[in-house]
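Chains as they are written, first to last, in the working numbering: chain A, 1 to 385; chain B, 1001 to 1306; chain C, 2001 to 2268.
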């Protein structure tokens, strides 16, 4: 006689119970009120950053003078930064060096705390354009402190390539197998920027707001480019390796790679092609669930000061937002202030098409017909095949 | 009299809580089973299986395009995109293709090796070689993949050896060939161990009987040893197939532009684009493939050898 | 029973495979002493500075400790849950038995990214913060399976008459467990536990989704590989781990194959 065991019914009941209860649904950090003074440091600061933003040369002195131990987590794309700041319900990390295509998403998602700019002394020395840019200021409220900005450059091996003047070099079959571009859906904007100058009939004004015809043309160009590529680089170190061992001699890159390769005595140089460049304006933002806000304010004061701005600018290869940094940059590397337009960055700033989140609302007379970012991500998967 | 001499000595007192509970377990085996199985099964169902079901459910939802918050509106949109776009089919085929190639390669390499360990190597050598086979599993998987990048590098060790021997250098880094090579290398111990366990259980008398009946080594291998090893091969293949099907790290490190696998798409949609519903929808593909694969392998007896 | 030719072939194959497995590891070991940051072959010079740099890096030490803690905790959980489940499934026939053994195979049969994603969503759904314990839960899922399989295999190979004989001699259930069952499965439990610890130690795919800002050793290694500026440190860490683990793995192997070897020689 086979005894009917209790196991199956019990198991089923447990399963149903496990799923039946809805999530508690904790509402996102209304967080604490904006602080009015900086308290004592909490001893630790967990930060999500771009590679090259937390170099020992300026982090170590900060740790010593503030007592806040920096724990870095490096991310490779803005999407990753958003995911990290949201992971585990938020609050896993205190600060993030968000670019324009992540900052607003984070702010509107409730992940970022408001900043009291009065507590960040160097803020008043910023160029006007960077005190309250739309990427980190909403309705007059500040969410973070601008950090630095820079372009996405065209990097090439001076020994193996003639100096290019146009982005066409990375679409040129003559360079087959030698090209490396970032593995990042936002690259679609770079291709769109190129098309805006080479195919004016498409009437692309904003490379981040593309309607279906413009988008299709851009994707077609990227699909044609795919067989010419040596690699889609995911990590900056990947592209550095590729250039070092000669597998790539031309590609879309960041100033970080160029300065690292130059330090390694590699024959590289960068150009700003005639079609223009995309770029990023980065902001250090504080999580709405941060555990170490005092250390965060200490960091803001530190990293916005002229000396540190200069150090980061010359090491990474970007432009500081603090007016007083130019003098310090000249002390570190002669001519760097001019190279990075640190003294009068407005014209330079306006020439760069900064990263921002593509939305359905084109923001102009076309209305809500543009491709949102989710379509960019799907299209990017198609392009890579 | 004789009765005294043969009476048994006093045993331990037959009462107490332990004995009582043991009696309960004896009379009601169902209760015993629930007691033993209850805790692990509950843990698994409430956490693991519930998570899988929740993932499946979320594949029918979508994300708000701006804030990336999950929106609980039910639709088949994610699946429609997967079906309409040929890219995803291509990626699935590529992944399954590489997984199959890797599995077959591992079987070909592992079977003679396991045979060597069981039948030819002496006991001391056997333990030594088994240790040598298992230790690579303790070396970080990332480091092992990365070490192949160093080796396959145009200026790396492989080309140094090839050119030293007068052969032309290779350039397979950042291609699917490199991925096939690396995967076969990494998963090899997972294939060796189950095949070894299966071959170990083949009594030597079988082989002797086969020889007595006039079969040469190759015939014995083919008709006696190999069929008995099939459960072990099936078990090992579950590992190699499943591990390749879900991997996303190797394509980034040693793969090239045409090397996207299922794991990469899922990963980039979860960890990067925050589109968990879409990733979940795509994840049902390897899930379904593996469930079918496991069912087939179970028929071949794999579960006895995991 | 094999011809000479077959034996020679198998010897060559055996050593070729060992070479295939170990040469990349040895090369990586050599790179751990690389004096320069450029990873070309042959390496330009030798230095031991990477080992001291790795040792003095607080992050690396924290990650090492976290990996050990997580591994031990997950293994402990796995030993209890896995053994219990194995005992239940080896002795009883019940409705849904195949389904249960199927469920217990899923964590290692399914790609890790699915487990990782599922747990990540699950924790988010229930507003559980990612922490050390979520890492342990993630690891425990496949650790339980490893122990379960090992113990179940051993129990299946053991004749049921042992336990019946014990009962005949007057032992109650718990005594039988102490004196008969446990000694029989002891080495399987140890071997299962060691393998589970090994898998937990090296796990990256699931851990990536279940760790918050904590770093296990594989996560640190992953981060450093992406950073790209301190790669020889990664090699130094890996070499250190190999040297550290040779002894436990050797012991585990002796424990599992010790008995088997005797049985097979007898069968010959």
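By construction, the Cβ of each residue, glycine as well, lies at the ideal position given by its N, Cα and C atoms.
Because the structure is a prediction, the values reported are computed rather than measured.
Quiz item: Any idea what DSSP makes of residue 1227 of chain B, helix, strand or coil?
Solution: helix
Practice problem: Compute the Euclidean distance between the alpha carbons of residue 2008 of chain C and residue 2002 of chain C, then round it to the nearest angstrom. | Solution: For residue 2008 of chain C and residue 2002 of chain C, the distance between alpha carbons rounds to 10 Å.
Quiz prompt | Amino acids of chain B, ordered along the chain, whose beta-carbon sits closer than 9 Å to that of residue 2180 of chain C | solution = Simply none; closest approach about 13 Å.
Quiz item: What number of angstroms, rounded off, separates the C-alpha of residue 1070 of chain B from the C-alpha of residue 1064 of chain B?
Solution: 6 Å
Practice problem: Throw me the rounded Cβ distance for the residue 1026 of chain B and residue 2160 of chain C pair, which I believe falls under 8 Å. | Solution: Wrong, their Cβ atoms sit about 14 Å apart, outside the cutoff.
Self-check item: residue 106 of chain A beta carbon less than 8 Å from that of residue 299 of chain A
Solution: no
Self-check item: Positions along the stretch 239-265 of chain A whose CB lies within less than 7 Å of some CB in chain B
Solution: 245, 246, 247
Self-check item: is_contact[residue 2212 of chain C, chain A] using C-beta, thresh 8 Å
Solution: yes
Practice problem: Please report how far the alpha carbon of residue 2222 of chain C lies from the alpha carbon of residue 1142 of chain B, in whole angstroms. | Solution: 7 Å
Quiz item: Less than 8 Å separating the beta-carbons of residue 2117 of chain C and residue 1283 of chain B?
Solution: yes
Self-check item: Host beta strand (DSSP E) of residue 71 of chain A (start-end)
Solution: That run of the beta strand (DSSP E) goes 69-75.
Quiz item: From the beta carbon of residue 1015 of chain B, is the nearest beta carbon of chain C less than 8 Å away?
Solution: At a cut-off of 8 Å between C-beta atoms, residue 1015 of chain B does not count as an interface residue with respect to chain C.
Quiz item: Listing by chain order, which chain B residues have their CB less than 7 Å from the CB of residue 232 of chain A?
Solution: What residue 232 of chain A touches in chain B: 1257.
Quiz item: Three-state secondary structure (DSSP) at residue 1263 of chain B?
Solution: helix
Self-check item: Segments assigned beta strand (DSSP E), at least 3 residues, entirely inside the stretch 232-316 of chain A
Solution: 250-253, 268-271, 277-286
Exercise. Would you tell me roughly how many angstroms separate the C-alpha atoms of residue 22 of chain A and residue 1237 of chain B, rounded to the nearest one?
Key: Only weak support exists for where residue 22 of chain A lies, its pLDDT of 37 falling under 50; the value from the coordinates is given anyway. Rounded to the nearest angstrom, the two C-alpha atoms are 39 Å apart.
Quiz item: Would you say residue 1087 of chain B reaches chain A, if we count a Cβ-Cβ gap shorter than 8 Å as a contact?
Solution: Chain A contact via Cβ: present.
Quiz item: Is the beta carbon of residue 2006 of chain C within less than 7 Å of some heavy atom of the ligand FAD?
Solution: Judged by which ligands are present, the structure shown has none, so any question about the ligand FAD falls away.
Quiz item: the stretch 2220-2241 of chain C: which residues have C-beta closer than 9 Å to a C-beta of chain A, in chain order?
Solution: Cβ contacts with chain A: 2223, 2225, 2226, 2227, 2228, 2229, 2231.
Quiz prompt | Contacting residues, own chain, Cβ-Cβ under 8 Å from residue 376 of chain A (five flanking each side not counted) | solution = 185, 186, 188, 358
Quiz item: What are the residues of the stretch 1050-1081 of chain B that lie near chain C, defined by any Cβ-Cβ distance shorter than 8 Å?
Solution: 1050, 1051, 1052, 1054, 1055, 1058
Quiz item: Is the distance from the Cβ of residue 239 of chain A to the Cβ of residue 248 of chain A below 8 Å?
Solution: yes
Quiz item: Between residue 1248 of chain B and residue 1263 of chain B, is the Cβ-Cβ spacing less than 8 Å?
Solution: Yes, these two residues count as a Cβ contact at 8 Å.
Quiz item: Does the beta carbon of residue 226 of chain A sit closer than 8 Å to a beta carbon anywhere in chain B?
Solution: Chain B, which has a Cβ nearer than 8 Å to the Cβ of residue 226 of chain A, makes this yes.
Practice problem: Can you grab the Cα-Cα spacing for the pair residue 328 of chain A / residue 321 of chain A, in whole Å? | Solution: 13 Å
Quiz item: residue 1160 of chain B CB to nearest chain C CB: under 8 Å?
Solution: yes
Quiz prompt | DSSP beta-bridge partners of residue 2120 of chain C | solution = Paired residue(s): none; residue 2120 of chain C is not in a bridge.
Quiz item: Does DSSP put residue 158 of chain A in a helix, a strand or coil?
Solution: coil
Self-check item: Under 8 Å between C-beta atoms of residue 2063 of chain C and residue 2215 of chain C
Solution: yes
Quiz item: Which residues bound the alpha helix (DSSP H) around residue 44 of chain A?
Solution: Counting along the chain, residue 44 of chain A falls outside any alpha helix (DSSP H), though it belongs to the beta strand (DSSP E) covering 44-50.
Practice problem: Determine the closest residue to residue 153 of chain A out of A/284, A/378, A/257, with distance taken between C-alpha atoms. | Solution: A/257
Quiz prompt | For residue 148 of chain A, the residue or residues it bridges with in DSSP | solution = Per DSSP, A/282, A/320.
Quiz item: Which residue's Cα is closest to the Cα of residue 2071 of chain C: C/2213, C/2242, C/2195, C/2231?
Solution: C/2195
Exercise. Specify the secondary structure class of residue 229 of chain A as computed by DSSP and reduced to three states.
Key: Under the three-state reduction of DSSP, residue 229 of chain A is assigned to strand.
Self-check item: Top-ranked residue by Cα proximity to residue 120 of chain A, from A/204, A/265, A/37, A/263
Solution: A/37
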